[in-house]
Amino acid sequence: MESDPIVYALVTFVIAMTCGLLPVYSKMKQNPNMLKMATAVASGIIIASAMLVVIPEGYELATGDPHSEDDSLARDTALVLLSVEKNELNASQGIISIEGLLGVVHGDENHDEEGHDEETSTEGLAGKIEHVIEEVELAEITAEEGIEEISTIVTTQASESGDGQPSELMIGGALVSGFILMLILEGSGIGHAVHEEHHDHSDDHGHDHVHHGKGWALVFGLTLHAATDGLAVGAALATGSLHFALAVVLAVIIHKGPAAFSLGVFSMHERGEKKDTIRDITIFSAATPVMIFVAYYAFAGVASYTIGLTMLFAAGTFLYVATVDTLPDMHNPETSKKSMQYVILGVIIMFVLLIISDLMGLGHAH
């Protein structure tokens, strides 16, 4: 698959629209019990998506895990350099040992002079070290000079790996900020809880649920998350690393369908007319493709930790939607047991999907 944003945009849009419209064109809305069950299951799926996919990926990006291969190579190379410094290896032996480390990084058992292809020679720490080794092999510099240059490169890498990383407070703050934003929106009357249904509950609970015409908090939260997905995918594509892009896209696709289905259920629960639900689903479905293009063309150089913090922010909105807006029945003795069971079922569904993807070798790790 090529690194073409159009392909990824179409895939995410089709999946989201298809899954989001499933509950709209079924008879689910005519069956209150089925709708309540689907709502609880959907909330479980959202909780699992946030905790099993979005938060882990956001944390990895925020803490710089996409560069862990460079950091690992830097550590191993530093050990070789230390051996040279202690005269346990001479400079030539050190160069050979470091070249062996590059072979492990590239996954090339027959790593030799012909293995220095254009792609690996221009990317990351490995490419920089490989360039120095080529100069040594071509006798442009001595082995001793090569060791000195590699030492400088590794020292610079160690310095840069610690720069620009957000603190633990920033990482946690991003997550909390998303949650608090949704709380403020709802408290300001911009949105409202999903559990407020379109029917009178006075007979069952002794009170009437207040009906609000719009549930923009839900649409905003899920759409913000979808837009963040697009930002992550677009930025990954912009790096030129197809492997990284595919890993991010897979993670998005895994929870895009269930999230869209959840929005369809909740919006159907919330809206008075089908056209309003379709509008919500369309907005949600378009958010990821739009942000894929924006990130790919305009934010190619965005720092990975910035994407990570944004994803964590979106995860906070996700958790708000799944808990505060969808689990009030847990406090009702008449509905708490069934609601709990259905929420757990939703979590299990997402968990099983992730396990299957890992068993198929399609894990969402970066």
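Residue numbering for the sequence shown follows the working numbering, beginning at 212 and increasing consecutively. For every residue, glycine included, the Cβ atom is placed at its ideal position computed from N, Cα and C. Everything numeric in this text was worked out from a predicted model, so none of it was measured.
task: Run the CB neighbour count on leucine 520, radius 10 Å, all protein chains shown included, and call it buried at 16 or more, exposed below.
output: Leucine 520 is buried by the Cβ-count criterion.
message: Short of 6 Å in beta carbon distance, which residues of its chain neighbour glutamate 360, apart from the five on each side in sequence? Order them along the chain.
response: Val343
8 Å Cβ shell around phenylalanine 390 - same chain, five flanking residues per side excluded: Gly527, Thr528, Leu530 and Tyr531
- prompt: What separation, rounded to the nearest whole angstrom, lies between the Cα atoms of glutamate 324 and glutamate 345?
  reply: With a pLDDT of only 43 at glutamate 324, under the threshold of 50, the placement of this residue in the model should not be trusted, and no figure is reported.
- prompt: Can you give the Cα-Cα distance for alanine 509 and valine 291, rounded to whole angstroms?
  reply: Cα to Cα, alanine 509 sits roughly 41 Å from valine 291.
message: Measuring only the C-alpha atoms, how far is asparagine 244 from proline 267?
response: 34 Å
Neighbourhood of aspartate 281 by C-beta, 7 Å cutoff - its chain only, sequence neighbours within 5 removed: Gly335, Leu336 and Gln368
Cα-Cα separation between valine 558 and isoleucine 257, rounded to whole angstroms: Rounded to the nearest angstrom, the two C-alpha atoms are 8 Å apart.
query: So, leucine 263 versus leucine 565, is the Cβ gap smaller than 8 Å?
result: Taking 8 Å as the cut-off, the Cβ atoms of leucine 263 and leucine 565 count as close.
- prompt: Could you give the C-beta distance for isoleucine 489 and valine 235, rounded to a whole number, given that I count them as a contact under 8 Å?
  reply: About 7 Å separates the two Cβ atoms, so the contact holds.
task: Output the distance between the C-alpha atoms of threonine 363 and alanine 471, rounded to the nearest integer angstrom.
output: 49 Å
field: threonine 229, DSSP secondary structure in three states
entry: Helix.
field: Pairwise C-alpha distance: alanine 302 and isoleucine 309
entry: 10 Å
field: Residue from Leu300, Thr499 and Thr534 whose Cα sits closest to the Cα of methionine 393
entry: Residue Thr534 holds the alpha-carbon nearest to the alpha-carbon of methionine 393 among Leu300, Thr499 and Thr534.
- prompt: Taking the continuous alpha helix (DSSP H) assigned at threonine 528, which residues delimit it?
  reply: 515 to 534
task: For valine 225, count neighbouring Cβ atoms within 10 angstroms of its own Cβ and tell me buried if that reaches 16, exposed if not.
output: exposed
field: Cα-Cα separation, serine 378 to threonine 274
entry: Taking the straight line from one Cα to the other gives about 9 Å.
message: Just to confirm, is the Cβ distance from phenylalanine 562 to alanine 259 under 8 Å?
response: Between phenylalanine 562 and alanine 259, the C-beta spacing is below 8 Å.
Euclidean distance between Cα positions of threonine 546 and proline 469: 24 Å
Sequence-distant residues of the same chain with beta carbon closer than 6 Å to valine 315, five excluded per side: A caution first: valine 315 carries a pLDDT of 49, below 50, which makes its placement in the model unreliable, though a value can still be read off. Counting only Cβ-Cβ distances below 6 Å, and skipping sequence neighbours, we find nothing.
- prompt: Just the Cα atoms here: how many angstroms apart are leucine 523 and glycine 338?
  reply: 32 Å
- prompt: Exposed or buried, what is threonine 288 when buried is set at 16 or more other beta-carbons lying within 10 Å of its beta-carbon?
  reply: buried
- request: Let me know the secondary structure DSSP gives glutamate 320 once reduced to three states.
  value: No answer about glutamate 320 holds up, because its pLDDT of 42 lies below 50 and its placement is not dependable.
Inter-residue Cα distance where the pair is glycine 445 and glycine 269: 15 Å
query: Between which two residues does the alpha helix (DSSP H) carrying alanine 506 extend?
result: 485 to 509
- request: Output the boundary residues of the alpha helix (DSSP H) element that contains lysine 297.
  value: Where lysine 297 is concerned, there is no enclosing alpha helix (DSSP H), given that its DSSP letter is neither H nor E.
Between the CA atoms of glutamate 341 and glutamate 329 - distance to the nearest angstrom: With a pLDDT of only 40 at glutamate 329, under the threshold of 50, the placement of this residue in the model should not be trusted, and no figure is reported.
message: Just to check my reading of the structure: valine 554 and glycine 255 have Cβ atoms closer than 8 Å, yes? What is that Cβ distance to the nearest angstrom?
response: 4 Å
Residue from Leu435, Phe504 and Ala220 whose Cα sits closest to the Cα of aspartate 491: Its Cα nearest to that of aspartate 491, the residue Leu435 stands out among Leu435, Phe504 and Ala220.
Pairwise C-alpha distance: aspartate 215 and phenylalanine 477: Answer to the nearest angstrom: the Cα atoms are 33 Å apart.
- request: Verify whether the separation of the beta carbon atoms of alanine 227 and lysine 467 is less than 8 Å.
  value: yes
query: What separation, rounded to the nearest whole angstrom, lies between the Cα atoms of histidine 416 and serine 550?
result: Confidence at histidine 416 is low in this model, with a pLDDT of 44, below 50, so the placement of that residue is unreliable and no value is reported for it.
- prompt: Which residue from Thr439, Leu474, Pro500 and Leu293 puts its Cα closest to that of valine 179?
  reply: Nothing in the structure corresponds to residue 179, since the chain is present only between 212 and 577.
task: Taking 8 Å as the cut-off, decide whether the C-beta atoms of isoleucine 352 and valine 295 are in contact.
output: no
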